[in-house]
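Accompanying notes for the structure given below.
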Amino acid sequence: MMNLRHITLHQLRLFYSVGKHLSFTRAAEELHLTQPAVSIQIKRLEESVGIPLTEQIGKRLFLTEAGRELFEACRDVLDRLRVLNDDMIGMEGGVKGPLNISAITTAKYFMPHLLGTFLKDYPRVEPRLTITNQAKVIRRLEDNLDDLVIMGTVPPAVIWNSPLNISLITPLW
């Protein structure tokens with residue numbers, strides 16, 4: 019009976035290496051393990067899946083149909099984990115990525131200066147500035163389209179009763 023809940027990430031890595039090389043020995047070398055350790059883990063993986071994943075014909079190792087399916091799934095999972103790892107490492111590097119800002123029309127006079135100063139400190143941020151009238155800025159705020167909204171007055175009470183996380187910043191001038 020198939021039970022995928024007992025499959026470990028370690029087993030997926032091992033199986034991917036076995037499938038890539040079509041060799042328990044080469045997989046063991048790549049992963050700095052012994053060949054028997056790899057064989058045992060693949061056997062346990064097959065027991066969890068409930069069907070053979072490899073077959074030996076002569077001295078050659080082949081993946082079964084189920085083995086080919088699992089190999090592709092391993093590739094997908096490991097690729098996604100690699101991307102996630104890269105993303106997490108990138109997040110350690112500080113502030114980066116898109117920043118959606120909307121502001122009322124009068125902000126067009128000072129926003130370029132503020133953004134320029136901000137981007138000197140955070141060059142990996144990609145600002146997207148929308149300059150529009152107050153009604154559209156409020157609509158964008160209600161629709162949660164922006165990370166930052168700049169207005170001259172506090173929005174109507176209907177906004178404050180919304181589940182949005184809104185902070186009020188008092189101007190310095």
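Each residue of the sequence shown is one higher than the one before, starting from 19 at the first, in our numbering.
Note that beta-carbon positions come from the ideal geometry of N, C-alpha and C, so glycine has one too.
Going along the chain, which residues of its own chain have a beta-carbon closer than 8 Å to the beta-carbon of residue i, five neighbours each way excluded?
i	result
S202	The requested residue 202 is not part of the displayed model; the chain covers only 19 to 191.
V193	An answer regarding residue 193 cannot be provided, because it is not within the stretch 19 to 191 covered by the chain.
May I have the straight-line CA-CA distance separating residue i from residue j, to the nearest angstrom?
i	j	result
E83	I69	10 Å
S180	V172	In this prediction, S180 has a pLDDT of 49, which is less than 50 and means its spatial position is unreliable; nothing more can be read from the coordinates.
K38	I58	18 Å
H131	P141	15 Å
T188	G170	Note that T188 scores 45 on pLDDT, short of 50, meaning its location in the model is unreliable and no value can be drawn from it.
F128	F136	12 Å
P54	D97	26 Å
L163	L22	39 Å
K154	D161	10 Å
K114	A91	31 Å
D1	G112	An answer regarding residue 1 cannot be provided, because it is not within the stretch 19 to 191 covered by the chain.
Which same chain residues, not among the five before or five after residue i, have their C-beta less than 6 Å away from its C-beta?
i	result
L117	V143, P145 and D165
E48	S35
L27	none
Since residue i contacts residue j with CB under 8 Å, what's their CB separation in whole angstroms?
i	j	result
A125	I149	7 Å
Q29	L51	12 Å between Cβ atoms; not a contact.
What do you reckon, are the CB atoms on residue i and residue j nearer than 8 Å?
i	j	result
I119	I168	yes
N103	I122	no
V36	I60	yes
V67	L32	no
L99	L88	no
R93	Y34	yes
L159	L147	no
Would you kindly report the start and end of the unbroken beta strand (DSSP E) that includes residue i?
i	result
P145	V143 to T150
R44	First-last for R44: F42 to L49, but that is the alpha helix (DSSP H), not the beta strand (DSSP E).
L166	L166 to I168
N115	The amino acid at residue 115 is misidentified as Asn; the sequence shows Gly. That run of the beta strand (DSSP E) goes G115 to I122.
Excluding sequence positions up to five away, which residues of its chain have a Cβ less than 7 Å from the Cβ of residue i?
i	result
H24	S66
E73	F80 and T82
A45	L32, S35, V36, H39 and V56
T43	Q53
With a threshold of 8 Å between beta carbons, is residue i in contact with chain D?
i	result
I149	In the structure shown, chain D does not exist; there is a single protein chain.
Name the two residues that bound the continuous alpha helix (DSSP H) containing residue i.
i	result
F80	Note, F80: premise wrong, no alpha helix (DSSP H); beta strand (DSSP E) at R78 to L81.
T72	Run containing T72: none in the alpha helix (DSSP H); it sits in the beta strand (DSSP E), T72 to I75.
K126	It is not in any alpha helix (DSSP H) - K126 carries neither H nor E in the DSSP assignment.
G37	L27 to H39
R62	Q53 to V67
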